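Protein chains in written order, with our numbering: chain A, 2 to 503; chain B, 708 to 1044. Glycine included, C-beta positions come from ideal geometry on N, C-alpha and C. Since the model is a prediction, treat every value here as computed from it, not as a measurement.
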Amino acid sequence: MRGTFVLAVVIALLALLPLGFVFWATAVTGWETASQLIFRPRVGELMTNTLLLVLFTVPLAILLATSLAWLTERSDLPFARVWSALCVAPLAIPAFVHSYAWIGLWPGFHGLPVGIAISVTAYFPFLYLPISAALRLLDPALEDQAASLGLSDKAVFRRVVLPQLRLSILGGGLLVGLHLLSEYGLYAMIRFDTFTTAIVDQFQSTYNGVAANMLALVLVSCCLVLLGLDAGLRGSRRYARIGSGVARGARKTSLGRLRYVCMLLPLAAIAFALGIPAVTLTHWLIAGGSNIWRMDEIGLALGQTLIICVVGGIATTLAALPVAWLSVRRPSRGSRIIEGCYYLASSMPGVVVALALVTITVRVALPLYQTVATIVLAYVIMFLPRALISLRSSIAQVPAELEQAAASLGRSPVNALWSTTVRLAAPGAAAAVALSSLGIMNELTATQMLAPNGTRTLAMAFWALTSEIDYAGAAPYALLMVLFSLPMTALLHHQSKKIAGR
Amino acid sequence: MKSSTVFLAGALAAFSPFAFSSNASAQVADSLTIYNAQHEGLTKEWAEAFTEETGIVVTIRNGSDMEFANQIVQEGANSPADVFLTENSPAMALVDGKGLFEPVEKTTLEQVPEQFRPSNGHWIGVAARSTVFAYDKTKLSEDKLPKSMLDLAKPEWKGRWAASPSGADFQAIVGALLQLKGKDETSAWLTGMKENFAAYRGNSVAMKAVNAGQTEGALIYHYYYFGDQAKTGENSSNVSLHYFRHQDPGAFVSISGGGILASSQHKPQAQAFLKWLTGKDGQAVLRDGTSFEYAVGRGEASNKALVPLDALQAPKVEPSTLNNADVTDMMTAAGLL
């Protein structure tokens, strides 16, 4: 138990390296140079762009996701189950493939409005997932009571349902916000400059120069503000149902004559989120014909991607194991703080994580420089919470008594853990590997900066080809990323229902 | 079952670059690691032909000029790279300034005329590219074109042209301007540029925008146009190239460099590579391939479609003193980066 705790702390410290690096870099730079590089008009432009992007995208995505979730979960919308699955499917499409698809159809598209539109389309499923899960699980008794006290349907929704969705909306909103801050490819392709694109520009011009580090400081501050907002708005109200028995299923609102009209909303969302990528990809795949299927190159990229996904996924899951076990079996103030560190660390954009690890390995840990170990560490830092969530819920389902029984029969603590909890929690661990792999497969910025010499993942190849405007040549890579992400997305859909039912 | 074994074997084969990553070159004698900032396709073509001829296995890491130059400086004596290839000279000048290059063999140097290599012989020109103003011929007639690149910073060009300021290509052009006109004039030009231009990421994307009528012209290099014309022409059918000539800063011809790192464990192979690259076979790839960059080898012809190099009236710029650190600082100050 002590060993597990120490291990969890060590992993947390490793995960916090990028954050520490940013502050260290600022300290080394000195305040005078730092303030010159931070308080300049260009940073102002980037700040305006980034703020506007977040301020418009997050509320719009919340509105869209909540409407869709209500329609699919709480109304008699025709084909609700189909729509529900389709609303999650866009997650299988990497964000930069979304913007590739849009500019394939409308080559001149660029700037803030397009950035908002594509971001809402690409990221609303992050909100739809938790909101629909929460709606499905609400205890209808509360709504009945409110109605019996004379509230209209609308007032019930506003005063009883919405407050209970608060945590899902905040959690999903935070996730979307962090994605907006850290995404590179989506915005680079539509010529919309954010802090992340500017850091990559600086990196390409100066490697890990001072200006890049200072932009990273501002970006990290934005992430911290988002995290703080989320924590502040969460509140301490309790939402759990107490008392015996199981809540009955919620009643579905009848849409009446509007039933079919209401289908227009999911239809429109899906047309943008799945239709546009499908149209563009099909177009380029047909236009490119058989020439674009250079199987030796594609096969190599696919092989490397799959391996890096599996290795990264397993490493992430193993790293999450100690704290997952602690938080279920020995919850304490300490374990909660460690968990918080992981969330904080994973909210650092990939470009900052990479910038930090490049500098640290090249200066003080040279044997690790440009190795698989370093890039795997980056993935662990970025995707650990995904693994943690899956692991925790499956460990919680294994009775602690089994472990104790194994121990009382003479097994060593590690052996007891292995032969009971670990084995029974295996499906959760598999899900944890899959979910972190999904993130790794579509990761571009950190992979490009940290990968060992000669590496070429699907995302890297896709990006190299689109940068040379070989859109047809890039299509097979996009298609493969989507195809391989689909099963993992389906798992995510399934998982979200389970977690919400915890 | 069988297919899954085959797949696994394939996957393991694919993994080998990882397993052998940074210290692989120390173990495998006949191998070479290139930090490549040139176009991926061109270097791949070079590397494959070189491997076929010599059996020396080449591992390529792709990136951009200044990223690699600064990276090599940080890696110092521990750099895993043997050869560094760039699109422009400033990155070469930076690495050379830190004393990290091994001098190129004399016989190799002699394959390239003096104007395409630094006088100290620490690196060598392997190809060249010319600055052009790629313009929308449906909107601009020849008499309305800018006479000098400097005109583009004037108010009448506000909102009418594009460039890719984060790219090494554009930064090399600014480097030449800095060398030719000095700090004050360059700063003023950059400030005017910030007012006037639209930023695109990548020269090909900027040219595509000209072709699509989103902007009237773009300050890029020549070969993007020829490359597209040789394919389908779909991104350049409305585009024509304007060469500034008359020793204008905008007529700058940039030299792509190749150098051998002093820290390399494979110096003989690296020397052989540069010799091959600047020799007949390497330069033939430039002439016959799809890169459309200029050949610089003595007596080696460039692609016939190109305006001859000696007809471009390029200004005289010393490649070994192009200073990119000043350029990025000035561009950062002007709000372009």
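When DSSP reads this structure, B/Asn743 sits in a beta bridge with B/Asn769 and B/Leu792. One Cα belongs to A/Leu143, the other to A/Pro164, and the distance between them is close to 12 Å. The C-beta separation of B/Ser796 from B/Ile962 comes to about 5 Å, placing the pair in contact by the 8 Å criterion. When secondary structure is reduced to three states using DSSP, B/Val839 falls in the strand class. Between A/Leu459 and A/Thr306, the C-beta spacing is below 9 Å. For B/Val946, the enclosing beta strand (DSSP E) stretches over residues Val946 to His949.
DSSP places A/Ser395 in the uninterrupted alpha helix (DSSP H) bounded by Val373 to Ala397. Remark: C-beta atoms of B/Ile763 and B/Asp803 do not approach each other more closely than 9 Å. Annotation: the continuous beta strand (DSSP E) that includes B/Ala906 extends over Phe904 to Ala906.
One finds Gln205, Ser206, Thr207 and Tyr208 in chain A with Cβ atoms closer than 8 Å to the Cβ of B/Met773, taken in chain order. Taking a beta-carbon distance threshold of 9 Å, B/Thr1035 counts as an interface residue toward chain A.
Between B/Tyr907 and chain A, the shortest Cβ-Cβ separation is below 9 Å. Of the candidates B/Lys751, B/Glu752 and B/Phe757, the residue whose Cα lies closest to the Cα of B/Ala977 is B/Phe757. Every alpha helix (DSSP H) stretch that sits fully inside the stretch 413 to 451 of chain A and reaches 4 residues is listed by chain position as 414 to 418, 427 to 442 and 446 to 451. Between the C-alpha atoms of B/Pro1015 and B/Ser855 there is a straight-line separation of about 20 Å.
Only those residues of the stretch 1011 to 1036 of chain B whose C-beta falls short of 7 Å from the nearest C-beta of chain A are listed: Thr1035. Its chain contains Cys310 and Gly314 as the residues whose beta carbon lies nearer than 6 Å to that of A/Ser438, once the 5 sequence neighbours on both sides are disregarded; these appear in chain order. In the structure shown, the three-state DSSP call for B/Ala834 is strand. Secondary structure of B/Val960 (DSSP, three-state): strand. Within the model, the alpha-carbon separation for B/Ala1002 versus A/Val353 is close to 40 Å. In the DSSP assignment, B/Ser738 is bridged to B/Val764. When C-beta atoms of the stretch 17 to 25 of chain A are compared with those of the stretch 205 to 223 of chain A, three or more pairs fall below 8 Å, so the two segments count as touching. Using a CB distance cut-off of 9 Å, A/Gly351 does not count as an interface residue toward chain B. For the pair A/Glu402 and A/Leu322, the Cα-to-Cα distance works out to about 19 Å. In the three-state scheme derived from DSSP, where H, G and I count as helix and E and B as strand, A/Ser153 is classed as coil. Proximity of B/Glu747 to chain A, defined by a Cβ-Cβ separation below 9 Å, is satisfied. Closest by C-alpha distance to A/Gly186, out of A/Gly116, A/Gln398, A/Leu69 and A/Met264, is A/Gly116. A/Thr254 carries a strand assignment under DSSP once its states are collapsed to helix, strand and coil. B/Gly924 has B/Tyr842 and B/Trp868 as its beta-bridge partners, per DSSP. Under DSSP, B/Leu968 forms a beta bridge with B/Phe808. Residue burial is scored here from C-beta neighbours: A/Arg260 has fewer than 16 other C-beta atoms within 10 angstroms and is therefore classed as exposed.
Under the three-state reduction of DSSP, A/Ser347 is assigned to helix. Around the beta-carbon of B/Trp896, 16 or more other beta-carbon atoms lie within 10 Å, marking it buried.
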